[in-house]
Amino acid sequence: MDYLWTPWRYAYVTTAEKTPRPGIPSALEAFPGDLGCVFCNLIASIDYAIEHNMAAEQAEGAGGLVLRARYNFICLNAFPYTSGHLMIVPYAHLDRLAALPADAAHEMTDLAQRTERVLDRLYAPHGFNFGMNVGQAAGAGVAGHIHLHAMPRWVGDTSFMTTIAESRTLPETLEITWKRLREAFAEISA
Ligand SMILES: [Zn+2]
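Next comes the structure, spelled out in structure tokens:
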């Protein structure tokens, strides 16, 4: 029953790295490069769009970018397990948690605490998953770049659909989730 502990792994394993330039949303495909990494491509394509006169709100919305902090950013999981499924990701392309400098690691924990408060307010869940898969063998869908998953959980939310089809029916769209989270993170600053 390991999906109870790593419910995020399936969608990413099956979908994350199969696109030609992983991590670049279609609205941001003007970005000419390919850094070969979902998260590095995501941030670079958002920044490129803003530098080329796309409104920041539009570019960040297209990329599901919820918050930029100093060493880490928070983005939506494009293949969420539940509504409110976020990832806290260091800007640095690192494949081991132990390689993350102390300042960035501390900020990641601060952001996880803030995320818990935000998810609690928005979704009033029964519990939370916070988790990181380090390395392909551990189930990391994007093994080259560490990321901390965060999601709200409810008693009984491991639905039959998940078990048989590795997919879920979510109660809100990514666009709505993004908007609600942006506003909540702006209000809950620490
Ligand atoms: Zn990367």
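Residues in the sequence shown are numbered from 1379 upward in steps of one, following the working numbering.
Positions of the beta carbon are idealized from the N, C-alpha and C atoms, including for glycine.
Rounded C-alpha distance that separates residue i from residue j
| i | j | result |
| --- | --- | --- |
| Pro-1458 | Met-1510 | 15 Å |
| Cys-1415 | Gly-1522 | 7 Å |
| Asp-1481 | Tyr-1449 | 8 Å |
| Ile-1421 | Val-1533 | 34 Å |
| Met-1557 | Gly-1439 | One point to set straight first is that residue 1557 is Lys, not Met, in the sequence displayed. Lys-1557 and Gly-1439: Cα-Cα distance of roughly 8 Å. |
| Ile-1524 | Ala-1562 | 25 Å |
| Met-1539 | Met-1432 | Low local confidence applies: a pLDDT of 47 at Met-1539 is under 50, so the model's placement there is unreliable, with the coordinate-based value given in what follows. Roughly 38 Å separates the two Cα atoms. |
| Gln-1491 | Leu-1552 | 22 Å |
| Asp-1473 | Gln-1514 | 10 Å |
| Leu-1478 | His-1430 | 31 Å |
| Cys-1418 | Ala-1483 | 18 Å |
| Pro-1398 | Ala-1502 | 38 Å |
| Gln-1436 | Asp-1535 | 32 Å |
| Ala-1569 | Pro-1400 | Nothing can be reported for residue 1569: it is not among the residues displayed for the chain, which extend from 1379 to 1568. |
| Leu-1475 | Arg-1499 | 29 Å |
| Thr-1460 | Pro-1403 | 20 Å |
| Glu-1550 | Gly-1517 | 26 Å |
| Thr-1555 | Phe-1451 | 16 Å |
| Glu-1485 | Pro-1410 | 31 Å |
| Thr-1541 | Val-1512 | Per-residue confidence for Thr-1541 stands at a pLDDT of 47, beneath the threshold of 50, marking its modelled position as unreliable; the derived number appears in the next sentence. C-alpha separation (whole angstroms): 24 Å. |
Beta-carbon proximity check, residue i vs residue j, cutoff 7 Å
| i | j | result |
| --- | --- | --- |
| Ala-1489 | Ala-1447 | Just to set this straight, residue 1489 is Leu in the shown sequence, not Ala. Cβ distance < 7 Å, so Leu-1489 and Ala-1447 count as in contact. |
| Gly-1442 | Cys-1453 | yes |
| Arg-1560 | Val-1467 | no |
| Val-1496 | Ile-1566 | yes |
| Leu-1464 | Thr-1493 | yes |
Rounded distance between the beta-carbons of residue j and residue i, thought under 8 Å
| i | j | result |
| --- | --- | --- |
| Ile-1424 | Leu-1406 | 6 Å |
| Ala-1427 | Ala-1408 | 7 Å |
Ligand 3 heavy atom lying under 6 Å from the CB of residue i
| i | result |
| --- | --- |
| Cys-1415 | Because ligand 3 does not appear in the structure shown, any question about it cannot be addressed here, the ligands present being ligand 1. |
Requested in this report: Indicate whether the contact test is met: 3 or more Cβ pairs, each with one atom in the stretch 1497 to 1513 and one in the stretch 1522 to 1538, closer than 8 Å.
Outcome: yes
inquiry  = Just to confirm the assignment: which complete alpha helix (DSSP H) runs, minimum length 4, are found wholly within the stretch 1420 to 1497?
reply    = 1434 to 1441
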